[in-house]
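Adding 55 to a residue's 1-based position in the sequence shown gives its number in my numbering. In this text, a Cβ means the ideal position worked out from N, Cα and C, and glycines have one as well.
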Amino acid sequence: MSVSNNSNSSENSVDLIDLMIQIWKDKYYILLIIVSFLAFSIFQLNNATFTYDIFLKVTPSKQISSSQKNSQFLGLATIIGLSTPQSSTGNEFEMYKTIIVSRIVSNALALDKQFIESYSKEEDFDFPKDLLEKKFITIVDESWRSVLKSFLGLPSHTKRITLEDLVHEKITSKISVSTDTISNITTVNFKSINPDFGIKLLKKVHEIADNELKKRSLKRTNDYISFLNEQLLKTTKQDQRLSLISTLAEQQRSRMIASSDLSYAADLFGNLYQSNSPTEPRIRNIIFGGW
56 MSVSNNSNSS ENSVDLIDLM IQIWKDKYYI LLIIVSFLAF SIFQLNNATF TYDIFLKVTP
116 SKQISSSQKN SQFLGLATII GLSTPQSSTG NEFEMYKTII VSRIVSNALA LDKQFIESYS
176 KEEDFDFPKD LLEKKFITIV DESWRSVLKS FLGLPSHTKR ITLEDLVHEK ITSKISVSTD
236 TISNITTVNF KSINPDFGIK LLKKVHEIAD NELKKRSLKR TNDYISFLNE QLLKTTKQDQ
296 RLSLISTLAE QQRSRMIASS DLSYAADLFG NLYQSNSPTE PRIRNIIFGG W
């Protein structure tokens, strides 16, 4: 039994030695493969576009949190058929988080010619000249799919791309929004080649979203103020007049908040900042990914 075990151990040793000998014989091929993958990784790194993470942290604005609905007016509104505003601080802030990644922001950015020129320069992206002049371009599909559709007698449609579509694809859709459930602090994130420009871009997007909510609130409060003034002229009952006057004061306060230069729905929580170094692509992923 011991003889058999010794013979197996000897065979295993011989196999291992043979393997090492074979590897040594093929060392130049192995070295060539290693050098090739390393050269390919270096080539990828030299041609990669490195991006930085830009962060903007916001919290619900304290301005509108102190503006409360008048409970007396709610009962009166039911009688006279007025639909009272149901928005609160939380709803305004949720709307802010929706607008900041919406086409409302894309449209505002697309209308800013100076911004488009700055984005092309800083982010190394050239917008088609026809798109900048006409605000849209029409693309005719000339691929094999179009030929196949024509052969089968199927309809083939042209594609109409607007400047807003391209801005949404390159900028707005790349913005991510996340909220910490414990602290209720919302982080808005964007990746940019030029971190300084990325900070300016994210700040501009924040201002567009906040100003959009300001305009909506201003229009809504103006409509309510006009309505309340009309009701004051018609109402003679003392208790109803007091309720209308109290609600009118609240609406005027809301209008004052929406008319100010301060943040409306979202307050900045500290300054905007960037990652200390590029976050994408990761060097180790490129090097080890080649293997």
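Euclidean distance between Cα positions of Asp265 and Pro336: Looking up residue 265 in the sequence shown gives position 210. Looking up residue 336 in the sequence shown gives position 281. Taking the straight line joining both Cα atoms gives about 32 Å.
Own chain, CB closer than 7 Å to Arg215, minus 5 neighbours either side, in chain order: Sequence index remark: in the sequence shown, residue 215 carries index 160 (1-based). Cβ neighbours of Arg215 beyond the five flanking positions: Phe191, Thr193.
Residue from Ile240, Leu323, Tyr107 with nearest C-alpha to Glu262: Here residue 262 is taken as the residue at index 207 of the sequence shown, counted from 1. The candidate whose alpha carbon is nearest that of Glu262 is Leu323.
DSSP state of Leu287 mapped onto helix, strand, coil: Within the sequence shown, the letter at position 232 stands for residue 287. Three-state result, Leu287: helix.
Where Phe110 sits in the DSSP three-state scheme: In the sequence shown, counting from the first residue as 1, residue 110 sits at position 55. Residue state, collapsed to three classes: strand.
Asn162: first and last residue of the uninterrupted alpha helix (DSSP H) it sits in: The residue you call residue 162 lines up with position 107 of the sequence shown. In the DSSP assignment, Asn162 falls within the unbroken alpha helix (DSSP H) covering 158-165.
Nonlocal neighbours in the same chain, by C-beta distance under 6 Å from Ser233, ignoring five residues either side: Translated into the one-based positions of the sequence shown, residue 233 becomes position 178. Thr242, listed in sequence order.
C-beta atoms of Ala321 and Phe180 nearer than 8 Å: The sequence position of residue 321 within the sequence shown is 266, counting from 1. The sequence position of residue 180 within the sequence shown is 125, counting from 1. With contacts defined as CB atoms closer than 8 Å, Ala321 and Phe180 fail to qualify as a contacting pair.
Length of the line joining the Cα atoms of Phe98 and Leu209: Mapped onto the sequence shown, residue 98 falls at position 43. Mapped onto the sequence shown, residue 209 falls at position 154. Rounded to whole angstroms, Phe98 to Leu209 spans 44 Å at the Cα level.
Cβ separation of Ile154 and Gly253, assumed to be a contact under 8 Å, to the nearest whole Å: The residue given as residue 154 occupies position 99 in the sequence shown. The residue given as residue 253 occupies position 198 in the sequence shown. Rounded, the Cβ-Cβ distance is 20 Å, inconsistent with contact.
Pick from Ser318, Thr334, Gln293, Lys274 that is closest to Gln306, judged by C-alpha positions: Reading the sequence shown from its first residue, position 251 is the one you call residue 306. For the set Ser318, Thr334, Gln293, Lys274, the Cα lying nearest the Cα of Gln306 is the one of Lys274.
Residues bridged to Phe245 (per DSSP): As a first step, residue 245 is located in the sequence shown; it is residue number 190 there, counting from the start. Phe245 is bridged to Ile109.
Rounded straight-line distance, which links the Cα of Thr302 to that of Lys289: The residue given as residue 289 occupies position 234 in the sequence shown. The residue given as residue 302 occupies position 247 in the sequence shown. Rounded to the nearest angstrom, the gap between the Cα atoms of Lys289 and Thr302 is 16 Å.
C-beta contact flag for Val349 and Leu186 at 8 Å: The first residue shown for the chain is 56 and the last is 346, placing residue 349 beyond what the model contains.
Residues of its chain near Ser201, where Cβ-Cβ distance is below 6 Å and the 5 sequence neighbours each way are ignored: Numbered from its first residue, the sequence shown carries residue 201 at position 146. These residues qualify, in order along the chain: Ser211.
Close-in-space but distant-in-sequence residues of the same chain around Pro183 (CB under 8 Å, 5 per side omitted): Position 128 of the sequence shown, counting from 1, holds the residue named residue 183. Within the same chain, Ile192 come within 8 Å of Pro183 by CB-CB distance, once the 5 residues on both sides are set aside.
Euclidean distance between Cα positions of Ser332 and Phe245: For the purposes of this step, residue 332 is taken as residue 277 along the sequence shown, with counting starting at 1. For the purposes of this step, residue 245 is taken as residue 190 along the sequence shown, with counting starting at 1. Using only the alpha carbons, I get a separation of about 14 Å.
Chain-order list of residues whose beta-carbon lies under 6 Å from that of Asn125 (same chain, five-residue window excluded): As a working note, residue 125 is residue 70 in the sequence shown. Here Asn125 scores only 42 on pLDDT, less than 50, and its place in the model should not be relied on; the value that follows carries that caveat. Only residues of its own chain outside the window of five on either side were considered, and among them Ser301, Thr302, Glu305 have a CB closer than 6 Å to the CB of Asn125, listed in chain order.
Identified DSSP bridge partners for Glu335: Taking the sequence shown and counting its residues from 1, one reaches residue 335 at position 280. In DSSP, Glu335 forms a bridge with Thr106.
Status (buried if at least 16 other CB within 10 Å, exposed otherwise) for Leu87: Locating residue 87 in the sequence shown gives position 32, where the first residue counts as 1. The C-beta of Leu87 has fewer than 16 other C-beta atoms within 10 Å across all chains shown, which makes the residue exposed.
C-alpha distance - Tyr107 paired with Ser198, whole-angstrom precision: For the purposes of this step, residue 107 is identified with residue 52 of the sequence shown, where counting begins at 1. For the purposes of this step, residue 198 is identified with residue 143 of the sequence shown, where counting begins at 1. Taking C-alpha positions only, Tyr107 is separated from Ser198 by approximately 36 Å.
Residue span of the alpha helix (DSSP H) that contains Asp322, given as start and end: Looking up residue 322 in the sequence shown gives position 267. Counting along the chain, Asp322 falls outside any alpha helix (DSSP H), though it belongs to the beta strand (DSSP E) covering 321-323.
Spatial neighbours of Tyr328 in its chain, beta-carbon cut-off 7 Å, leaving aside the 5 residues before and after: Taking the first residue of the sequence shown as position 1, residue 328 is located at position 273. Here the set comprises Phe110.
Ile216 (DSSP reduced to helix, strand or coil): In the sequence shown, residue 216 corresponds to position 161, counting from 1. Residue state, collapsed to three classes: strand.
Environment of Ala313 [buried if 16+ CB atoms lie within 10 Å]: Numbered from its first residue, the sequence shown carries residue 313 at position 258. Looking at its Cβ environment, which holds 16 or more other Cβ atoms inside 10 Å, Ala313 is buried.
Three-state secondary structure (DSSP) of Phe191: Locating residue 191 in the sequence shown gives position 136, where the first residue counts as 1. Reduced to three states, the DSSP call for Phe191 is strand.
Where Thr234 falls: helix, strand or coil (DSSP): As a working note, residue 234 is residue 179 in the sequence shown. Of the three classes helix, strand and coil, the one that applies to Thr234 here is strand, per DSSP.
Under the three-state DSSP convention, the category Pro183 falls into: Here residue 183 refers to the residue found at position 128 of the sequence shown. The DSSP-derived three-state label of Pro183 is coil.
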